[in-house]
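Participant: One structure, pasted below without further comment.
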Amino acid sequence: MELQFVVFAMFVIVASSSCLCVRLTSHDLRHSFNVLDYGAVGNGKNDESRAFMDAWKDTCSAIYESSTLVIPKEKTFMLQPLWFMGPCNSPTIYVKLEGTIIAPNTIEGWKWPNENDRGSWIRFSYINGLVVYGGGLIDGKGAPWWDCYSNVMCESENPTALHFHACENLILTGLTHINSPRNHISLNACHGSQISKLHIIAPNESPNTDGIDIAESSNVVIENSKMETGDDCIAINHGSTSIDIVGIFCGPGHGISVGSLGRNGAEESVEKIYVRNCTFNGTTNGVRIKTWMGGNGYARKVTFEDIILIEANNPVIIDQEYNPYDSLYGYAVKVSDVTFRNIRGTSISKHAIQLHCDGSISCTNIILEGINITSSIGEEVHASCKNVNGICNSCIPYVPCLSQE
Ligand SMILES: *[C@@H]1O[C@H](CO)[C@@H](O)[C@H](O)[C@H]1NC(C)=O
Ligand SMILES: *[C@@H]1O[C@H](CO)[C@@H](O)[C@H](O)[C@H]1NC(C)=O
Ligand SMILES: *[C@@H]1O[C@H](CO)[C@@H](O)[C@H](O)[C@H]1NC(C)=O
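In C-alpha cells:
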C-alpha cells in the first residue's frame, strides 16, 4: 500500500517535472500579454510604441497553442508607425484589440522606424494564424494628411493605416476603422484570409481612403461589413485570385472595383472574383472593372450578383480607358467571362451601364442577366458600349450592343 503510493507519487513528480523542463520556461506560463503590464498607460497622449513592441516580443515568442496580445478596453493608446513581425512560435496569435489605438495628431508627429519605408502605420508581417479581433477602434488621424494631399506645396506620401503582408490564414473581425491617411486596410501576399464585421468610416471627400485593398493574395473572404469612405470600399488589385465579397454595405464611396490594372504598361491579372449581396448607397460607382490603357494581363471570371443600388452614379461599369494619358497604345488588359446578375435599383446619372472596352482586344463573354436600373431623378437611363461581346437577358435599360438569348 505504502510502496504503491510512493511509486505513484514518484511517477507524478517525474512526469510533471519532465513536462516542465521540456515545454515551459517561466514566462511561457502566461500566454496572454497585456500592454499595460509593459508600461503602456492608455491616456491617448503618451507614445506607447515601446510597450507594445515589448508585449509583442513576448506574445510572438511564447510557445503555446495560442498566444494573445491584449489591448484593453476603455483606454486609448497613441502609437507611432509600428511593425509587428513574425514568424511567431504559437500556431495561433491573437491580437485582442478592445480599446482604441490612435496615430499621432500631426504629420510632423510621426516618427518612422525607417525613413525609406513610410508605407504604413500599423503593419503585421509574416505571421501565420493571426487573429485580430475584440471590438476596438483604430483611428488613423488622417485629417492633416488629407489637407496636405490637396495642397500642392505639401509633399506627402500618405500611409496605409493597417497593412498585412505575407500573413497566412488571417482572421480580422469586429473592429471599427476610421480616418486613415490613405487606405484603411491593405492585404498583400496573404493567402486564406477571412475578414468580417468591420465598420470603416472616413469622410466622403477624404482622398484615397479606400476601405480594403487586396493585392497578390488568394482565398480571401470579406463579409458582412459596412464601409463609408472617400474612395473605393474594396479594390481588388493585381495578383488577386479567389476573392469572395459578400454582404457589404458600401456608401458613400466609390463602390467595389476590380483594378485599376495595368498602369504604366504593367502586366497585371486577377481572376475568380465573386461579389454577392452588396448594397451601394450614393456611391460614385457601383460595380466596376477598370484598366489602364497600354497595360497587359487579364481580369477574368468575375461575377457581381444580387446587388442593390440606391442613387448610385455609374452603377455598372467596365472602363478600359482609365486615365488615358501617358499610355502605350495597342495593348490592354484582357477582360473576359464577367457576369452581372440580378442588379437592381436606382442610378443618379443617365449612365446606368457602361461597357467601354479597348478596340485592340475587346471584352469577351460579358453576361448581363436580370438587370433593372432606373433613374432616381425621373430621367431616362441608358447603356453604352464599345468593343464588347456577350449576352444580355432581361436588361433594363436595354443594352443594344449585346445579343439576347
Ligand atoms: C446580405 O447582406 C446583409 C448585410 O449587408 C446581411 O445582413 C444578410 O444576411 C446577407 N444575406 C445573405 C443571403 O447573404
Ligand atoms: C443612404 O444614404 C442616405 C444619405 O446618406 C441616407 O439618408 C439613407 O438612410 C441611406 N439609405 C440606407 C438604406 O441606408
Ligand atoms: C424595374 O424597377 C422598377 C422600379 O423599381 C419597377 O417599377 C419595375 O416593375 C421593374 N421592372 C421589372 C421588369 O422588374
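Note that the sequence shown covers residues -17 to -1, 1 to 388 in mature numbering (1 follows the signal peptide of the UniProt record, and there is no 0).
Here a beta-carbon is modelled for each residue, glycine too, at the ideal position from N, C-alpha and C.
In terms of residue numbering, what span does the beta strand (DSSP E) encompassing D30 cover?
Facilitator: N26 to D30
Participant: Using beta-carbon positions only, say whether T266 and H221 come within less than 8 Å of one another.
Facilitator: Taking the C-beta atoms as reference points, H221 is found no nearer than 8 Å to T266.
Participant: So G242 packs on I272, CB below 8 Å; how close in whole Å?
Facilitator: 6 Å
Participant: Exposed or buried, what is K28 when buried is set at 16 or more other beta-carbons lying within 10 Å of its beta-carbon?
Facilitator: exposed
Participant: Residues in the same chain with beta-carbon distance under 7 Å from C4, minus the five sequence neighbours each way, listed in chain order, please.
Facilitator: Note that C4 has pLDDT 38, beneath the 50 cutoff, so the model's placement of it is unreliable and no number is given.
Participant: Residues in its own chain within less than 6 Å of K284 by CB, not counting five upstream and five downstream?
Facilitator: E254, K255 and D320
Participant: Could you please give the first and the last residue of the uninterrupted alpha helix (DSSP H) stretch that includes A126?
Facilitator: That run of the alpha helix (DSSP H) goes A126 to Y132.
Participant: Is it true that the CB of F16 sits closer than 8 Å to the CB of L52?
Facilitator: yes
Participant: Can you pull every residue whose C-beta falls closer than 5 Å to some heavy atom of ligand 3, listed in chain order?
Facilitator: N355 and T357
Participant: Go ahead and pull the three-state DSSP assignment for W39.
Facilitator: Helix.
Participant: For ligand 5, any of its heavy atoms closer than 7 Å to the Cβ of I293?
Facilitator: Only ligand 1, ligand 2 and ligand 3 can be found as ligands here, which leaves ligand 5 out of the picture.
Participant: DSSP has I105 in a bridge; who is on the other side?
Facilitator: L65 and L145
Participant: Taking the Cβ atom as the reference point for each residue, do R165 and P186 lie within a distance shorter than 8 Å?
Facilitator: no
Participant: Are the CB atoms of residue 390 and E388 nearer to each other than 8 Å?
Facilitator: Because residue 390 is not part of the residues shown, which for the chain are -17 to 388, the question remains open.
Participant: Do I326 and I344 have their CB atoms nearer than 8 Å?
Facilitator: no
Participant: How big is the Cα-Cα spacing for D100 and V364?
Facilitator: 47 Å
Participant: Between N152 and ligand 2, is the CB less than 7 Å from at least one heavy atom?
Facilitator: no
Participant: Can you tell me whether S9 is buried or exposed, with buried defined as 16 or more other CB within 10 angstroms of its CB?
Facilitator: Below a pLDDT of 50, predicted positions are generally treated as unreliable, and S9, at 42, falls in that range; the measurement from the model is reported next regardless. With fewer than 16 Cβ atoms within 10 Å of its Cβ, S9 is classed as exposed.
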